[in-house]
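The numbering of the sequence shown is our numbering, which starts it at 52 and goes up by one.
Here a beta-carbon is modelled for each residue, glycine too, at the ideal position from N, C-alpha and C.
In what follows, a structure is listed as structure tokens, so that the remarks can point back to it.
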Amino acid sequence: AKALEFLNRAYQALWMGGSEIDPSTNETWWWLRKDPPGNITLDPVINTGSISVTNNSTTVTFSSAPAASVAKRFLKITGHSDIFRISAHTGGETGGTLDSVYTGDTDTSASYKLMVLEYSLASDLLYIISPMRVFQDSKDRIEGMDLDALEERWPLRDVDSGVPEAFAMVTETKIRMNRYGGVTSTEFIRVEYDYLYKPADLTDSGSEEPVVPRQHRKVLADIGLFYLLTDKDDSRAADSFVIARSGVIAMAKENKAKLSFFGRDRGRIYPRASTKSLRVLRTSSGIIIG
């Protein structure tokens, strides 16, 4: 049991990039890339009918009950700047609860928008490794950025519809988009994202294999041995660490070499977007401007 504990610690040290063993190593391992990639579907806005809101109250009432739960959606009341979240709602019911009291004037028939801006990602996600992909509205990429930068550029009060241009991590497995997507009930938007995943812990089973490539599994054993010898205060721990560190460095070199074969653009700096893309610039109506 103790040996397995150290083996899993070694396993995690590897799939986290290897920096625990060699601080100069922080690899995006090709063998941890999820296949197939993750995907999410952006839900369209809900704005059917009207909503009743009361100053200094958390209770809201829809004139037309949403069929599915709208809990966790963002709520924007037309004519009021504050943005609220629906903290509780049951599908098919007209009543709902805000995450704070309503700060605007009482209105029994206000127009509104219920928007989904935050989405949960795959439960095994380690981290996203590239911009997200989208295929609608002649857009290809949804760029990642810091949450503070996203909120500064696209404040919640000004969020609009359409295909997103940017996303930010809210938690380890949740993102926020800069747009809320479609404007009709059937206007869904598919988004794909590439990510590295967290492997499950190893168990004492003869039917499983670590995702570490076979030629590098000895490195996993070497790191595990180092942890075990250290725990036993064995004088051989220092020598085993040298072997383990050398193995991680060799793995990192091979990883870089393999990734360099995947595309000629790896590591190349493009100071201007036009040096990489041959697509002309157009206005939203299609007029060429550059």
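Original post:
Any chance the stretch 135-146 sits against the stretch 72-83, with 3 or more Cβ pairs inside 8 Å?
Top reply: Between the stretch 135-146 and the stretch 72-83 there are fewer than three inter-stretch CB-CB distances shorter than 8 Å, so the stretches are not counted as touching.
Original post:
How many Å lie between residue 219 and residue 280 at the Cα?
Top reply: Between the alpha carbons of residue 219 and residue 280 lies a distance of about 42 Å.
**OP:** Kindly list the residues whose CB is nearer than 6 Å to the CB of residue 147, restricted to its own chain and excluding five residues on each side of it in sequence; keep chain order.
**Re:** Within the same chain, and ignoring the five residues on either side of residue 147 in sequence, the residues whose Cβ sits closer than 6 Å to its Cβ are 111, 137, 140.
**OP:** Quick one: residues in its chain with C-beta nearer than 7 Å to the C-beta of residue 236, no 5 flanking neighbours on either side, listed in chain order?
**Re:** Here the set comprises 95.
**OP:** Name the residue from 300, 299, 275 whose alpha carbon lies nearest to the alpha carbon of residue 288.
**Re:** Minimum Cα-Cα distance from residue 288 among the listed residues 300, 299, 275 corresponds to 275.
Original post:
Which value, in whole angstroms, describes the spacing of the CA atoms of residue 64 and residue 87?
Top reply: Between residue 64 and residue 87, the alpha-carbon positions lie close to 24 Å from each other.
Subject >> Reduced DSSP secondary structure (H/G/I, E/B, other) of residue 131 >> reply: Of the three classes helix, strand and coil, the one that applies to residue 131 here is coil, per DSSP.
**OP:** Drop a sphere of 10 angstroms on the beta-carbon of residue 130, count the other beta-carbons inside from all chains shown, and report buried for 16 or more, exposed for fewer.
**Re:** By the neighbour-count rule (16 or more Cβ atoms within 10 Å), residue 130 is not buried but exposed.
**OP:** Please list the segments of the beta strand (DSSP E) lying wholly inside the stretch 107-167, counting only runs of 3 or more residues, in order along the chain.
**Re:** Listed in chain order, the complete beta strand (DSSP E) runs (minimum 3 residues) inside the stretch 107-167 are 110-113, 125-128, 134-140, 146-149, 158-161, 163-166.
Original post:
Are the beta-carbon atoms belonging to residue 176 and residue 228 less than 9 Å from one another?
Top reply: When the beta-carbon positions are compared, residue 176 and residue 228 stay at least 9 Å from each other.
Subject >> Nonlocal neighbours in the same chain, by C-beta distance under 6 Å from residue 273, ignoring five residues either side >> reply: Annotation for residue 273: 294, 295, 298 place their beta carbon closer than 6 Å to its own, counting only its chain and skipping 5 residues before and after.
Original post:
If we ignore side chains and look at the alpha-carbon of each, how far apart do residue 128 and residue 153 end up?
Top reply: Looking at the two C-alpha atoms, the distance is approximately 10 Å.
Original post:
Looking only at C-alpha atoms, which of 71, 301, 191, 270 sits nearest to residue 243?
Top reply: Considering only alpha carbons, the answer is 191.
Subject >> Endpoints, beta strand (DSSP E) assigned at residue 217 >> reply: Its beta strand (DSSP E) spans residues 217-222.
Original post:
If you measure from the CB of residue 300, is any heavy atom of the ligand GTP nearer than 8 Å?
Top reply: No copy of the ligand GTP appears in this structure; indeed no ligand is present at all.
Original post:
With DSSP run on the structure shown, which of helix, strand or coil describes residue 278?
Top reply: In the structure shown, residue 278 adopts helical secondary structure according to DSSP, grouped into three states.
Subject >> Close-in-space but distant-in-sequence residues of the same chain around residue 253 (CB under 8 Å, 5 per side omitted) >> reply: So the qualifying residues of the chain are 55, 58, 59, 62, 259, 261.
Original post:
With distances taken from CA atoms, which of 171, 118, 255, 215 is nearest residue 189?
Top reply: The residue with the shortest Cα to Cα distance from residue 189 is 215.
Original post:
Out of 185, 211, 198, which has the shortest C-alpha to C-alpha gap to residue 245?
Top reply: Nearest C-alpha to residue 245: 185.
Subject >> Beta-carbon spacing of residue 156, residue 98 below 9 Å >> reply: Cβ atoms of residue 156 and residue 98: not closer than 9 Å.
**OP:** Determine the direct distance from the alpha carbon of residue 122 to that of residue 115, and round the result to whole angstroms.
**Re:** Residue 115 and residue 122 have their C-alpha atoms some 16 Å from each other.
**OP:** Using the Cα positions of residue 173 and residue 255, report the straight-line distance between them to the nearest angstrom.
**Re:** Each residue's alpha carbon lies about 26 Å from the other.
Original post:
What do you reckon, are the CB atoms on residue 71 and residue 307 nearer than 9 Å?
Top reply: Not closer than 9 Å, so no.
Original post:
How far does the beta strand (DSSP E) with residue 231 in it reach, from first residue to last?
Top reply: Element bounds for residue 231: n/a, residue is neither H nor E.
Subject >> C-alpha distance - residue 124 paired with residue 166, whole-angstrom precision >> reply: Roughly 5 Å between the two C-alpha positions.
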